[in-house]
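Undergrad: One structure follows; several queries about it will come next.
Protein chains: 2
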Amino acid sequence: MDPVLAGVDAYLEQHLSKYIEETARYCAQPSVSAQGEGMAACAQLVREMLMQHGIAAEQYETKGNPIVVGRLQGKSGRTLLFYNHYDVQPPEPLELWTTPPFEPKVRDGKLFARGAKDDKGELVARLAAIDALRDANGGDMPCSVLFVVEGEEEISSPHIAEFVLEHKDILRCHGSIWEEGGIGRDGQPELVLGPRGILAVEISLQTLSRDAHSGGGHIMPSAAWRLVWALASLKGRDERVRIPGFYDAVQSPAPLDLEMLDQAFAKDPGVEEQLRRTYGVVQFAAGRSGKDLLRAVFEPTCNIQGIGSGYQGPGVKTIVPAQARAKVDFRLVPDQDPEDILEKLRRHLTQEGFPDVEVRLLGWMRPSRTPVDDPLVQLTQRTGREVYGGEATILPLTGGSSPEYAFAGPLGIPIVTAGVGYWDNRAHAPNEHVRIEDFHQAARHIARILYGFADLG
Amino acid sequence: MDPVLAGVDAYLEQHLSKYIEETARYCAQPSVSAQGEGMAACAQLVREMLMQHGIAAEQYETKGNPIVVGRLQGKSGRTLLFYNHYDVQPPEPLELWTTPPFEPKVRDGKLFARGAKDDKGELVARLAAIDALRDANGGDMPCSVLFVVEGEEEISSPHIAEFVLEHKDILRCHGSIWEEGGIGRDGQPELVLGPRGILAVEISLQTLSRDAHSGGGHIMPSAAWRLVWALASLKGRDERVRIPGFYDAVQSPAPLDLEMLDQAFAKDPGVEEQLRRTYGVVQFAAGRSGKDLLRAVFEPTCNIQGIGSGYQGPGVKTIVPAQARAKVDFRLVPDQDPEDILEKLRRHLTQEGFPDVEVRLLGWMRPSRTPVDDPLVQLTQRTGREVYGGEATILPLTGGSSPEYAFAGPLGIPIVTAGVGYWDNRAHAPNEHVRIEDFHQAARHIARILYGFADLG
Chain Z
7 MDPVLAGVDA YLEQHLSKYI EETARYCAQP SVSAQGEGMA ACAQLVREML MQHGIAAEQY
67 ETKGNPIVVG RLQGKSGRTL LFYNHYDVQP PEPLELWTTP PFEPKVRDGK LFARGAKDDK
127 GELVARLAAI DALRDANGGD MPCSVLFVVE GEEEISSPHI AEFVLEHKDI LRCHGSIWEE
187 GGIGRDGQPE LVLGPRGILA VEISLQTLSR DAHSGGGHIM PSAAWRLVWA LASLKGRDER
247 VRIPGFYDAV QSPAPLDLEM LDQAFAKDPG VEEQLRRTYG VVQFAAGRSG KDLLRAVFEP
307 TCNIQGIGSG YQGPGVKTIV PAQARAKVDF RLVPDQDPED ILEKLRRHLT QEGFPDVEVR
367 LLGWMRPSRT PVDDPLVQLT QRTGREVYGG EATILPLTGG SSPEYAFAGP LGIPIVTAGV
427 GYWDNRAHAP NEHVRIEDFH QAARHIARIL YGFADLG
Chain D
7 MDPVLAGVDA YLEQHLSKYI EETARYCAQP SVSAQGEGMA ACAQLVREML MQHGIAAEQY
67 ETKGNPIVVG RLQGKSGRTL LFYNHYDVQP PEPLELWTTP PFEPKVRDGK LFARGAKDDK
127 GELVARLAAI DALRDANGGD MPCSVLFVVE GEEEISSPHI AEFVLEHKDI LRCHGSIWEE
187 GGIGRDGQPE LVLGPRGILA VEISLQTLSR DAHSGGGHIM PSAAWRLVWA LASLKGRDER
247 VRIPGFYDAV QSPAPLDLEM LDQAFAKDPG VEEQLRRTYG VVQFAAGRSG KDLLRAVFEP
307 TCNIQGIGSG YQGPGVKTIV PAQARAKVDF RLVPDQDPED ILEKLRRHLT QEGFPDVEVR
367 LLGWMRPSRT PVDDPLVQLT QRTGREVYGG EATILPLTGG SSPEYAFAGP LGIPIVTAGV
427 GYWDNRAHAP NEHVRIEDFH QAARHIARIL YGFADLG
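Protein sequence lines correspond, in order, to chains Z and D.
So the first sequence is numbered by this note's numbering: it starts at 7 and just counts up by one.
So the second sequence is numbered by this note's numbering: it starts at 7 and just counts up by one.
Here it is as structure tokens:
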């Protein structure tokens, strides 16, 4: 083995617990962007962490939460960008956590905390990889590294695109490892080549100036009923979105895309049973099963995040609700445009007889993709083979959303994934955790990508 | 004027403020049956109040909240039953109250408190009428009086029917004044001859063992969506209930019923504008207007009291909700049977493809009616004329529900309404209140009904 990589492995073996402790300290700082909790303190903490690892770091103010940019000079002229975020999902429902979300605890070889995987563990694994590589390489970095750590990823990153456009000069780079990554059930890396886009809105209406007695239900217009009818007009039980023009810009998956997805399914046909067990699914949406569960990622979605109207306490309250609201997100595939979909949604509701329904934009991101034959994809596959011993699974598109479009387009770079995850991290759910051994392997993988990236161009 | 009635009026004129204070003390005791708050204490308070007015009172335990029965011997062999309830609606939303719901305050000739009208003010007005009549009548009551004061009216009176059946021997009587009554916009009494029935259910389902990331929305079954679709299958935008057989037992209103409703509308055509202003209505349900607003009381309803699913906090949370629930009430007209409708609802949901939707019974009451030509109706009209100076409005059916069926059938009695209400008491809503002058007139009216009832047989 290359002596530098042998040194990397020895360093990480010896110092692993130190980085798990650093992850725990980072997770102990709440930073719930949806609720505005702890954001400034967490940005400050990220800057301090970067500097403690010898990375020059600056905090940039935005109209939302600050963005922290770190910079480490390397020997080659090439720069790899790490995108991460310091904000986390809301921890609710709190009663389903075994230990409190912001009191990190190690149990059974796992670190439990909100953010342990998404996305605080990822950042610390990268810092560990850099420390290991410099230690093994006589103090030098083979390539330059940029960190962009934002605080609004979980609320659709409303300011990152503008930030990248305005700071293109200081963000010049040659490729990026995205904020998250990890391994599949076969223990091999999953390489994701792009996210779906998202459009998130609040749909609300008011039919009365105050709740009325339900004894008047034969004449009093109900906000709850109108919301139900308006939502039912958006999507049928066949999961087909009914907004006119919604599917116009959808690009059908290429044969190669489907081949990769079918290969992924063939490698792990147990994914169906695993999903059923993990989420207690009896019937998947639209009755899907088998390889269609993976192929369906090329279908855009219309999802209700939450609904609220009227009385939700114990017992009964005989009212006609005056107000109702729902949060809805659409996951968009190439080349759907969130702004176009928003306009079509509004037009649809008006045409369906709901001009009184208000649609408020909560956030959006475009879909984005990196070509399968990019050298960075090949480097990540090769180094993954060295660390994990097998072939990575390539996923041409993933179901979630992240602001890759904000970097990929303006900076003209390929973006891949590599990280600390596995299939049951419970990101966005109670008992989120990272497995310590996954963290260890991810640091080894990232170090190898950095080492190989220096000469990739 | 009859000297006894002159004495009644003088007594009430002199002592009115004492009874308003008594109402305030009664309202200061919270008794929210839906939330189980203060029920035992309020039952005890009612028993003490009755006894302080010289009425023998006993508390009966039920499987729910206690029922207080009061008994006062009169000179004639006839007994009038007062039905009341000491429970009140939940006070939420608290932020819309000008003064706190359980801290009664007099402003502008009105007493504001949760329960001031519904139904605590009604009980105290009856006690005032009895005090006045005995005072003016040499200490004697002309007829006997029974009080039945229950604590579960606002949660559909699940135990009153069984209680009446089991205590028919001690509840023998010849007629009843129901728990509530009042005047219309013309200042004349509204005489309601029966309520609609009600069926209240919770409709809930769970599609996942825990919330999933909305990036999996193309395959993860959503409880929120299934609830929306299940609800949308119950009622269309034309307000027509789609449950097969729902309308089978509906009796069309008789020509006389419609005549009375049309007379009521002709007396007060401003009801439409008043409702628009009071509740901020732009368009009534099913586009109704004019006299159809009153006639529609003969239409049964399907109302959503509340819906809740997923994330309802600020910002976004990108989840597919695992659970969803709605509270739904049906207002039933003669001769719909709540148990029959419940069975049809369950069958409908299963047949529509929602066998996973759970329907939990929260409560029910049957519809009930008293004939227009009953002597008690005529007595209430005549005495109303003496107090209010004009003709009562007769409403053959009212939109709300109350357990009249539990008394009317087993006891074989007519039931009418008379009370302290007016058209804007805000019962079931923030800033509930009773107008002090309405309270005064209601006490005078009740005293006259008691006086006349002695010889009615």
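Just so it is clear, CB atoms sit at the ideal spot from N, CA and C, and this is done for glycine as well.
Since the structure is predicted, the reported quantities are computational estimates derived from the model, not experimental observations.
Beta-carbon of Z:Asn90 versus every beta-carbon of chain D: anything under 8 Å?
TA: Taking Cβ atoms only, chain D never reaches closer than 8 Å to Z:Asn90, which makes this a no.
Undergrad: May I ask you to report which of helix, strand or coil DSSP gives D:Gln318?
TA: DSSP places D:Gln318 in coil when its eight states are reduced to three.
Undergrad: Distance, Cα to Cα, D:Gln95 vs D:Arg441?
TA: Between D:Gln95 and D:Arg441, the C-alpha separation is close to 19 Å.
Undergrad: What's the gap between the Cα of D:Gly188 and the Cα of D:Asp444?
TA: One C-alpha to the other measures close to 8 Å.
Undergrad: For a quick check, are the C-beta atoms of D:Phe336 and D:Ile204 less than 8 Å apart?
TA: Yes. Within cutoff.
Undergrad: Z:Met371 lies in the beta strand (DSSP E); which residues open and close that run?
TA: 364-371 is the span of the beta strand (DSSP E), which, as asked, contains Z:Met371.
Undergrad: Look up Z:Pro195 in the DSSP assignment and say whether it is helix, strand or coil.
TA: Z:Pro195: strand per DSSP, three-state reduction.
Undergrad: For D:Gln20, count neighbouring C-beta atoms within 10 Å of its own C-beta (all shown protein chains included) and say buried if the count is 16 or more, exposed if not.
TA: So D:Gln20 ends up on the exposed side.
Undergrad: Can you find a C-beta in chain Z that's less than 8 Å from the C-beta of D:Val303?
TA: Judged by the 8 Å Cβ criterion, D:Val303 is in contact with chain Z.
Undergrad: Should D:Tyr89 and D:Glu185 be called a contact, given that it needs their Cβ atoms to be closer than 8 Å?
TA: Taking 8 Å as the Cβ cut-off, D:Tyr89 and D:Glu185 qualify as a contacting pair.
Undergrad: What are the boundary residues of the alpha helix (DSSP H) that includes Z:Gly115?
TA: Premise fails: Z:Gly115 is in no alpha helix (DSSP H) and is neither H nor E.
Undergrad: Can you pull the chain Z neighbours of D:Phe290, defined as C-beta to C-beta under 8 Å?
TA: Correct list: Ile225, Met226, Pro227.
Undergrad: Would you say the segment 253-267 of chain Z touches the segment 313-326 of chain D, given that touching needs at least three Cβ pairs under 8 Å?
TA: Short answer: they don't touch.
Undergrad: Of the residues D:Leu197, D:Asp141, D:His173, which one's Cα is nearest the Cα of D:Glu64?
TA: Cα-wise, what sits closest to D:Glu64 is D:His173.
Undergrad: With a threshold of 8 Å between beta-carbons, can Z:Asn309 be considered close to chain D, or not?
TA: Chain D, which has a Cβ nearer than 8 Å to the Cβ of Z:Asn309, makes this yes.
Undergrad: For chain Z, is any of its Cβ atoms less than 8 Å away from the one on D:Lys333?
TA: Chain Z contact via Cβ: present.
Undergrad: Using alpha carbons as the reference points, say which of D:Glu364, D:Glu43, D:Ser239, D:Phe153 lies closest to D:Val52.
TA: Checking every option, the nearest Cα to that of D:Val52 belongs to D:Phe153.
Undergrad: Apply the 10 Å Cβ neighbour rule to Z:Gly44 and answer buried if 16 or more other Cβ atoms are within range, or exposed otherwise.
TA: Buried, since its Cβ has 16 or more Cβ neighbours within 10 Å.
Undergrad: 8 Å is my cut-off, CB to CB: does D:Asp254 come that close to chain Z?
TA: Not one chain Z Cβ lies under 8 Å of D:Asp254.
Undergrad: For D:Ser228, which residues from the same chain have a beta carbon less than 7 Å from its beta carbon, with the 5 sequence-adjacent residues on both sides left out?
TA: Here the set comprises Thr213, Val326, Pro327.
Undergrad: Mind pulling the chain Z residues with CB within less than 9 Å of D:Val426?
TA: What D:Val426 touches in chain Z: nothing, since even the nearest Cβ is about 17 Å away.
Undergrad: Report yes if the C-beta distance between D:Pro402 and D:Asp263 is below 8 Å; otherwise report no.
TA: Closer than 8 Å, so yes.
Undergrad: Do Z:Gly60 and Z:Thr399 have their C-beta atoms closer together than 8 Å?
TA: Not a contact, by the Cβ cut-off of 8 Å.
Undergrad: Have a look at the DSSP bridge pairing and note the partners of Z:His91.
TA: Partner(s): Z:Glu156.
Undergrad: Identify whether D:Val464 lies in helix, strand or coil by the three-state DSSP scheme.
TA: Nothing about residue 464 of chain D can be read from this structure; chain D reaches only from 7 to 463.
Undergrad: Buried or exposed: which applies to D:Pro344, given that a residue is buried once 16 or more other Cβ atoms fall within 10 Å of its Cβ?
TA: By the 10 Å Cβ count, D:Pro344 comes out buried.
Undergrad: Measuring CA to CA, which of D:Gly312, D:Ile176, D:Ser408 is closest to D:Ser210?
TA: Checked all of D:Gly312, D:Ile176, D:Ser408; the closest Cα to D:Ser210 is D:Gly312.
Undergrad: Applying the criterion that 16 or more other CB atoms from any shown protein chain within 10 Å of the CB defines a buried residue, is Z:Ser23 buried or exposed?
TA: Burial call: exposed.
Undergrad: For a contact meaning CB atoms closer than 7 Å, what does D:Thr85 contact in chain Z?
TA: Here the premise fails: no neighbours, minimum Cβ distance about 29 Å.
Undergrad: Quick check on DSSP: helix, strand or coil for D:Ala218?
TA: Residue state, collapsed to three classes: strand.
Undergrad: Less than 6 Å between C-beta atoms, sequence neighbours within five positions excluded: which residues of the same chain meet that for D:Ala62?
TA: Excluding sequence neighbours, D:Ala62 sits near Arg77.
Undergrad: Within 10 Å of its beta-carbon, does Z:Arg140 have 16 or more other beta-carbons around it, so buried, or fewer, so exposed?
TA: It is buried - the Cβ of Z:Arg140 has at least 16 other Cβ atoms within 10 Å.
Undergrad: Closer than 8 Å is the cut-off here; do at least three beta carbon pairs connect the segment 10-19 of chain D with the segment 96-107 of chain D?
TA: Segments in contact, no.
Undergrad: Beta-carbon of D:Asp274 versus every beta-carbon of chain Z: anything under 8 Å?
TA: Chain Z, which has no Cβ nearer than 8 Å to the Cβ of D:Asp274, makes this no.
Undergrad: Whose Cβ in chain D lies nearer than 9 Å to the Cβ of Z:Thr404?
TA: Correct list: Gly221.
Undergrad: Consider the Cβ of Z:Ala138: report whether some Cβ of chain D lies at a distance smaller than 8 Å.
TA: Not closer than 8 Å to any Cβ of chain D, the Cβ of Z:Ala138 fails to qualify, so no.
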